[in-house]
Structure formats: C-alpha cells, structure tokens
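Chemist: A single structure is presented below for examination.
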Amino acid sequence: MPEASFEIPDQKIGLTGATALAIGNAIAATTFIVPAELLATGVGPSMALAALLVVIPTVVLFVFMLQLGGAMPTSGGGYVYNSVLLSPFWGFARPWVSLPAIWFGLPFTAQAFAQYLRFYLPLDVTLGSTIAFTIPTVSTELLVGGLIFAFMIINILGIRATALIQYGLVTIIIVASALFVGVGLFHISPGNFTPVFPGEAIDPFVAAVITLFLGMTGFSLPLQLGEEIENPIRNIPRSIALSTVIGMTLLTGLIVVAIGVVHWTEWAGAEAGIAVVAREFLPWWGVFLIVAAAIVGGLTTVNAVFVNVSRIVMRAARDGVIPNQLAHINERWGSPDAAILAMGIPALVIVPFAPGLLELAFVLSLSFLMDMVFLALGALQLTRRFPERYEKSTYRVPKALLYPLVAIGVVIPVGLWILLGLGEGSGLIIATAVPVWLGVGYAVYRYRVWRYAQRGIDLPERMRHLHEHEAEMASDFDGTATADDD
1 MPEASFEIPD QKIGLTGATA LAIGNAIAAT TFIVPAELLA TGVGPSMALA
51 ALLVVIPTVV LFVFMLQLGG AMPTSGGGYV YNSVLLSPFW GFARPWVSLP
101 AIWFGLPFTA QAFAQYLRFY LPLDVTLGST IAFTIPTVST ELLVGGLIFA
151 FMIINILGIR ATALIQYGLV TIIIVASALF VGVGLFHISP GNFTPVFPGE
201 AIDPFVAAVI TLFLGMTGFS LPLQLGEEIE NPIRNIPRSI ALSTVIGMTL
251 LTGLIVVAIG VVHWTEWAGA EAGIAVVARE FLPWWGVFLI VAAAIVGGLT
301 TVNAVFVNVS RIVMRAARDG VIPNQLAHIN ERWGSPDAAI LAMGIPALVI
351 VPFAPGLLEL AFVLSLSFLM DMVFLALGAL QLTRRFPERY EKSTYRVPKA
401 LLYPLVAIGV VIPVGLWILL GLGEGSGLII ATAVPVWLGV GYAVYRYRVW
451 RYAQRGIDLP ERMRHLHEHE AEMASDFDGT ATADDD
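Going by the UniProt record's numbering, the first residue of the sequence shown is number 1, and it counts up by one from there.
Structure below.
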C-alpha cells in the first residue's frame with residue numbers, strides 16, 4: 001500500500017562511529033553509579049556474581065542482534081522488527097513504552113556526570129600569585145538538567161557531530177576502565193567475596209541482575225541507525241560485535257575488581273563509589289582518570305540515548321502510529337529534531353522530581369527486558385516471514401541453535417520481571433505499572449487505527465511492511481527486494 005511521505009536523514013557514520021556510540025550508550029551509570037547504589041541495598045559480594053551471570057543473557061541478546069541487524073538494517077529497528085515481524089500493536093508498544101522510560105532514564109544516565117563532577121567540588125583554583133577563586137559545589141539537579149539540555153541541542157546538530165564527540169570520550173572510558181581492571185586485579189583480596197549473600201533476602205540480588213543488564217542492552221544501538229550507517233548490512237553487525245566484546249569485558253571486570261579490592265561495606269551507597277575504590281590502589285592521576293571517565297561516561301550515555309530512542313520515535317511517526325510531526329527532519333542538520341525534543345523537554349521537567357536512582361534504573365531495565373523478548377521472537381519470525389533474507393544473511397544462526405536461544409531469550413527476561421514483581425516496594429510498583437501502561441496503550445492504538453480507517457487508511461497494514469528505501473537496504477543481497485517483500 002502507499003506509504004506516508006517523509007524525509008530521510010542525509011548524514012552517515014562509519015563502523016568506528018557506530019561502535020563508539022554503542023559503547024558510550026552502555027558504559028556510564030551502570031558502571032560508575034549503580035554498583036554503590038546496589039550495595040546500599042545489601043546485595044554484598046553477590047553483585048560480582050550478578051555481573052558475571054548477566055553475561056549469559058547478553059550473549060543471547062548479541063546473537064539476536066547479529067541476526068536481525070545483518071538481515072534487516074533499518075532506522076528505528078526496535079519499532080520495525082516488532083511491527084513487521086511480530087504484530088503492529090507490538091510495534092506501537094515500542095515507542096509507547098520507550099518514550100516515558102527515557103523521560104525517567106535520561107535523569108538516571110546523567111547521574112554519572114553529576115556525581116563524579118561533584119567528587120572534586122568545591123575546588124580551590126590558584127592562577128599565578130594574585131588570582132585565586134573557588135569553584136563551588138553545584139546541585140546534582142542543575143548538573144543533570146544542564147547535561148540533558150546540552151546534548152539535546154548537540155543531537156539536533158546531526159549524527160556526525162554526535163559521533164565526532166563520542167570518539168574522544170569513549171577512548172577515555174576504555175583507557176580508564178582498562179587501567180582500573182588491569183591494576184586492580186593485583187590488589188584483590190579473596191576474602192572480600194565472602195559471604196556471597198550477606199542477607200537472607202534474594203530481592204537485592206535479583207535487582208542487581210536486572211539493573212546491571214541495563215548496561216548490556218546499550219550495545220543494541222546500531223540496530224536503530226540503519227539508514228545513517230555506511231554499508232549497514234556489514235557495519236551494523238560488526239559494530240554490535242565490537243562494542244559488545246569491549247564493553248561487556250570492561251563493565252564486568254570493573255564490578256568484579258571493585259568488589260574484590262575494597263570490602264563492599266566500605267563503599268556501599270557512596271557518591272562516586274568507583275572513585276572511592278580507586279583511591280585505595282591507584283595513584284592520584286589514576287583516580288583523576290577514573291573520575292574523568294565517569295564524567296565523560298555520563299556524557300556519552302546521554303548522547304547515545306538521544307540517538308537511540310529518537311530514531312525509534314522518528315520511524316514510528318513515519319507510519320503515523322504516533323503523531324507524524326515527530327518524524328520531522330531538520331533541513332539544515334538532517335536530524336530528527338522533533339523526536340529529540342519530545343525526549344528531552346519532558347525529561348528536563350522531570351529532573352527536579354525524579355525518584356531514586358534504583359527506581360529510575362528499574363524503569364529503564366524493565367523496558368529493555370521487554371525489548372529482549374521482542375528481539376528473540378523477531379529473530380524467530382525472520383526465518384518464517386523473510387526466509388530468503390534469513391538464508392542469505394552473513395550472520396545466519398542455524399535453526400537448531402536459534403530455537404533454544406529464543407526460548408532462553410524469552411524465559412530469562414520474563415523470569416526476572418516476575419521475580420522483581422514478587423518483591424516489595426518500588427520493584428513491585430514498577431513491574432506492575434508497565435503492563436498497566438501497555439493496557440492504556442492498546443486503547444490508544446485501537447483509537448488511532450479507527451481514526452485512520454475513517455480516512456480509508458489501513459494503519460496496521462502500513463506498519464507490516466518496510467518502506468521502499470528500507471527494502472533496498474534489507475534486500476536479499478541482490479537488490480531484488482520490494483517494499484512489500486514477504
């Protein structure tokens with residue numbers, strides 16, 4: 001059927017840019033802020049075990065991302081895979097859940113920048129023999145709000161500017177994290193890992209697994225950038241592979257080393273907790289590098305979150321499942337400016353009223369757990385709906401392996417969701433609120449379908465098909481696919 005008219009971003013990035021964006025999307029708050037917050041819940045050394053266990057669903061998720069990214073590269077992949085491979089409603093559910101999750105998620109991801117910048121404040125500065133002044137402590141809310149506003153503007157300037165900034169910042173993160181892990185391995189005290197479970201409750205451990213998994217999902221960012229990546233069929237899987245291997249190694253290693261070097265009770269709940277640990281075994285310049293990495297990690301994550309979700313919103317708006325105005329492309333910078341503003345402005349309003357860090361992390365984590373289920377089922381449906389693309393994909397997962405992986409990819413996130421819901425407090429509230437929000441979303445979706453039907457447009461049918469330029473990118477590798485390729 002005829003598709004809606006829309007503009008396409010005209011800026012592209014290469015393999016390095018996509019990899020840098022993905023690493024920056026994953027490593028920041030999860031690495032530098034969350035550990036100390038989780039320790040304050042009494043999780044103890046079991047947080048190291050949680051970090052290791054998270055590798056399992058990450059590897060499974062990695063397989064799905066390779067399969068889908070190599071066979072069907074497109075902008076807003078999270079929306080497209082749901083609507084084309086599963087059902088139109090689940091395509092609608094992606095931006096319906098992602099937007100409010102990001103409104104709360106942006107204040108969470110910006111915390112790394114705020115907390116670690118405050119680590120050295122107030123700061124006395126002396127210039128020569130006559131000039132001296134003090135940089136005062138700045139409130140966390142002001143720093144978080146300022147960061148969100150700054151990167152909202154930077155992202156409107158286009159994907160090239162975004163990726164260019166990301167290059168240098170991610171380099172600092174990798175060097176600092178490698179230093180922390182490499183030196184820290186020689187300062188580990190095995191006794192710090194016992195007792196593994198200091199309390200009787202299992203809730204803190206479950207919360208740790210769910211929250212740490214949040215960082216691992218950041219490597220899926222290239223799936224959202226298909227039409228903005230050069231040679232997407234090759235570079236989307238490659239960027240996912242590179243970012244996952246590098247990021248997963250550093251994130252897991254950093255948490256395990258931090259637990260092993262300093263007893264968990266000494267830095268539980270500490271602001272800038274990883275810097276507190278670094279002081280115990282790194283020289284002053286090493287501690288400074290860790291603080292710098294955490295600060296720029298906050299920058300890279302906020303930067304990449306804008307890139308990630310804005311493309312999902314933009315692609316959904318092209319189909320009209322959410323207001324078409326959100327698909328607007330800035331004429332000068334070639335960026336989805338309306339989608340970016342729809343993310344950033346509500347987040348700025350929420351900053352002064354945001355709940356605790358773990359509550360913010362739960363909201364984001366449950367959103368990404370749901371995404372893992374969608375990716376698992378989407379990878380399975382790819383073999384049925386687009387068998388030629390599956391067979392000719394460079395990263396084809398054998399069906400004998402794919403079926404059990406899909407089962408794991410569904411059971412793990414659903415199980416974690418249920419365990420969180422069986423707990424008490426904020427975990428129970430958030431685990432219940434998301435299904436309720438989906439129920440409201442279904443009513444909104446049916447209303448939009450009805451409104452389009454009044455104009456003679458079959459919205460679900462439109463959502464089930466790739467657009468023409470996407471079909472060309474996601475062709476069966478000989479250029480013969482059409483927009484309605486089934």
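No residue lacks a Cβ here, since even glycine has one placed at the ideal position from N, Cα and C.
For a test of the three-state rule: what should DSSP assign to VAL440, helix, strand or coil?
Modeler: Position 440 of the sequence shown, counted from the first residue, corresponds to residue 440. Looking at VAL440 - three-state DSSP - the assignment turns out to be helix.
Chemist: In the DSSP assignment, the alpha helix (DSSP H) including PHE133 goes from what residue to what residue?
Modeler: Residue 133 sits at position 133 when you count from the first residue of the sequence shown. Looking at the DSSP string, PHE133 is not in any alpha helix (DSSP H); the run it does join, the beta strand (DSSP E), is 131 to 135.
Chemist: Which class does ASP203 belong to by DSSP, given the choice of helix, strand or coil?
Modeler: As a working mapping, residue 203 is identified with position 203 in the sequence shown. ASP203 falls in the helix class under three-state DSSP.
Chemist: Put VAL124 into one of helix, strand or coil per three-state DSSP.
Modeler: Counted from its first residue, the sequence shown places residue 124 at position 124. Correcting the residue type first, residue 124 is Asp in the shown sequence and not Val. In this structure, ASP124 counts as strand in the three-state DSSP scheme.
Chemist: Between the alpha carbons of ALA272 and TYR79, how many angstroms are there, rounded?
Modeler: Taking the sequence shown and counting its residues from 1, one reaches residue 272 at position 272. Taking the sequence shown and counting its residues from 1, one reaches residue 79 at position 79. ALA272 and TYR79: Cα-Cα distance of roughly 35 Å.
Chemist: Just verifying my parser: in three-state terms, what is the DSSP assignment at ILE229?
Modeler: Residue numbering aside, residue 229 sits at position 229 when the sequence shown is read from its first letter. Here ILE229 sits in strand by DSSP.
Chemist: What number of angstroms, rounded off, separates the C-alpha of TRP450 from the C-alpha of VAL262?
Modeler: Residue numbering aside, residue 450 sits at position 450 when the sequence shown is read from its first letter. Residue numbering aside, residue 262 sits at position 262 when the sequence shown is read from its first letter. Computed Cα separation, rounded: 59 Å.
Chemist: If we call anything under 8 Å between Cβ atoms a contact, is PRO95 one with ALA316?
Modeler: Along the sequence shown, one-based indexing puts residue 95 at 95. Along the sequence shown, one-based indexing puts residue 316 at 316. Yes; because the gap between Cβ atoms is below 8 Å, this pair is in contact.
Chemist: Does SER367 come out as helix, strand or coil in the three-state DSSP assignment?
Modeler: If you number the sequence shown from 1, residue 367 lands on position 367. It is helical.
Chemist: What does the Cβ neighbour count give for TYR442, buried or exposed, with the cut at 16 atoms within 10 Å?
Modeler: Against the sequence shown, residue 442 aligns to sequence position 442. Exposed, by the Cβ-count rule.
Chemist: Can a CB atom of chain B be found closer than 8 Å to the CB of MET65?
Modeler: Going by chain labels, chain B is absent from the structure shown, which holds only one protein chain.
Chemist: Assuming contact is defined by CB atoms lying nearer than 8 Å, are MET463 and PRO88 in contact in what I supplied?
Modeler: Within the sequence shown, residue 463 is the residue found at index 463, counting from 1. Within the sequence shown, residue 88 is the residue found at index 88, counting from 1. Going by C-beta atoms, MET463 is nearer than 8 Å to PRO88.
Chemist: Pick out the complete beta strand (DSSP E) segments inside the stretch 229 to 298, 3 residues or longer, and give them in chain order.
Modeler: Counting only runs of 3 or more, we get nothing.
Chemist: Among residues of its own chain, excluding the 5 on either side of ALA208, which ones have a beta-carbon nearer than 6 Å to its beta-carbon?
Modeler: Residue numbering aside, residue 208 sits at position 208 when the sequence shown is read from its first letter. The answer, listed in chain order, is LEU38, VAL43, MET47, ALA50.
Chemist: Could you have a look at GLY17 and say whether DSSP puts it in helix, strand or coil?
Modeler: Residue 17 sits at position 17 when you count from the first residue of the sequence shown. Note: GLY17 maps to helix in three-state DSSP.
Chemist: Do you know how far the Cα of GLY344 is from the Cα of THR301?
Modeler: If you number the sequence shown from 1, residue 301 lands on position 301. If you number the sequence shown from 1, residue 344 lands on position 344. Going from the Cα of THR301 to the Cα of GLY344 covers about 14 Å.
Chemist: Determine the closest residue to GLY199 out of GLU359, VAL414, THR265, GLY145, with distance taken between C-alpha atoms.
Modeler: Residue numbering aside, residue 199 sits at position 199 when the sequence shown is read from its first letter. If we check each option's Cα against that of GLY199, THR265 comes out closest.
Chemist: One question on the structure: do LEU405 and VAL55 come within less than 8 Å of each other, judged by their Cβ atoms?
Modeler: Here residue 405 refers to the residue found at position 405 when the sequence shown is read from its first residue. Here residue 55 refers to the residue found at position 55 when the sequence shown is read from its first residue. No; because the gap between Cβ atoms is not below 8 Å, this pair is not in contact.
Chemist: Going by DSSP in three states, SER75 sits in which element: helix, strand or coil?
Modeler: Locating residue 75 in the sequence shown gives position 75, where the first residue counts as 1. Of the three classes helix, strand and coil, the one that applies to SER75 here is strand, per DSSP.
Chemist: Where does LYS399 fall in DSSP's three states?
Modeler: Within the sequence shown, the letter at position 399 stands for residue 399. It is helical.
Chemist: From THR171 to VAL305, what does the alpha carbon distance come to, in whole angstroms?
Modeler: If you number the sequence shown from 1, residue 171 lands on position 171. If you number the sequence shown from 1, residue 305 lands on position 305. Cα-Cα distance, rounded: 18 Å.
Chemist: Candidates VAL291, GLY76, SER243, TYR445: which alpha carbon is nearest GLN224's?
Modeler: Working through the sequence shown from its first residue, we reach residue 224 at position 224. Minimum Cα distance to GLN224 is reached at GLY76.
Chemist: Please confirm whether PRO136 and LEU121 have their CB atoms less than 8 Å apart.
Modeler: Numbered from its first residue, the sequence shown carries residue 136 at position 136. Numbered from its first residue, the sequence shown carries residue 121 at position 121. Closer than 8 Å, so yes.
Chemist: Following the continuous alpha helix (DSSP H) through VAL34, name the residue where it begins and the one where it ends.
Modeler: For this step, residue 34 is matched to residue 34 along the sequence shown. From DSSP, the alpha helix (DSSP H) with VAL34 extends over 34 to 39.
Chemist: Taking the alpha carbon of LEU341 as the point to measure from, which residue in MET314, ARG318, GLY356 has its own alpha carbon closest?
Modeler: Residue numbering aside, residue 341 sits at position 341 when the sequence shown is read from its first letter. It is MET314.
Chemist: Could you give the distance in angstroms between the alpha-carbon of ASN420 and the alpha-carbon of ARG332?
Modeler: Mapped onto the sequence shown, residue 420 falls at position 420. Mapped onto the sequence shown, residue 332 falls at position 332. Asn is not the amino acid found at residue 420; the sequence shown has Leu there. If you take the alpha carbons of LEU420 and ARG332, they lie about 46 Å apart.
Chemist: Counting Cβ pairs, one atom from each stretch, are 3 or more of them under 8 Å apart for the stretch 141 to 159 and the stretch 253 to 261?
Modeler: The answer is no - the stretch 253 to 261 does not touch the stretch 141 to 159, with fewer than three Cβ pairs under 8 Å.
Chemist: Considering only the beta carbon of each residue, do THR58 and THR211 sit closer than 8 Å?
Modeler: One-based indexing of the sequence shown puts residue 58 at position 58. One-based indexing of the sequence shown puts residue 211 at position 211. No.
Chemist: Looking at PHE374: is its Cβ nearer than 8 Å to the Cβ of ALA71?
Modeler: Mapped onto the sequence shown, residue 374 falls at position 374. Mapped onto the sequence shown, residue 71 falls at position 71. Contact flag unset, no.
Chemist: Spatial neighbours of PRO2 within its chain, please: C-beta separation below 6 Å, excluding the five flanking residues on both sides.
Modeler: Here residue 2 refers to the residue found at position 2 when the sequence shown is read from its first residue. Annotation note: pLDDT 46 at PRO2 (below 50); position unreliable, coordinate value reported separately. For PRO2, where only same-chain residues beyond five positions count, there are no Cβ hits under 6 Å.
Chemist: Can you list, in chain order, the residues of its chain whose CB lies under 7 Å from that of ALA40, leaving out five sequence neighbours each side?
Modeler: For this step, residue 40 is matched to residue 40 along the sequence shown. ALA268, GLY269, listed in sequence order.
Chemist: Report yes if the CB atom of ILE429 is closer than 8 Å to the CB atom of GLY215, and no otherwise.
Modeler: Sequence index remark: in the sequence shown, residue 429 carries index 429 (1-based). Sequence index remark: in the sequence shown, residue 215 carries index 215 (1-based). Cβ distance not < 8 Å, so ILE429 and GLY215 don't count as in contact.
Chemist: What is the residue span of the alpha helix (DSSP H) that ARG94 lies within?
Modeler: Numbered from its first residue, the sequence shown carries residue 94 at position 94. Element bounds for ARG94: 88 to 109.
Chemist: For PRO195, count neighbouring Cβ atoms within 10 angstroms of its own Cβ and tell me buried if that reaches 16, exposed if not.
Modeler: Within the sequence shown, numbered from 1, the residue matching residue 195 stands at position 195. Answer is exposed; the Cβ neighbour count stays below 16.
Chemist: GLN325: buried (16+ other C-beta within 10 angstroms of its C-beta) or exposed?
Modeler: Your numbering for residue 325 matches position 325 in the sequence shown. Exposed, since its Cβ has fewer than 16 Cβ neighbours within 10 Å.
Chemist: Out of ASN155, PHE281, VAL181, point me to the one whose CA is closest to GLY247's CA.
Modeler: Numbered from 1 along the sequence shown, position 247 holds the residue referred to as residue 247. Among ASN155, PHE281, VAL181, the Cα nearest to that of GLY247 belongs to VAL181.
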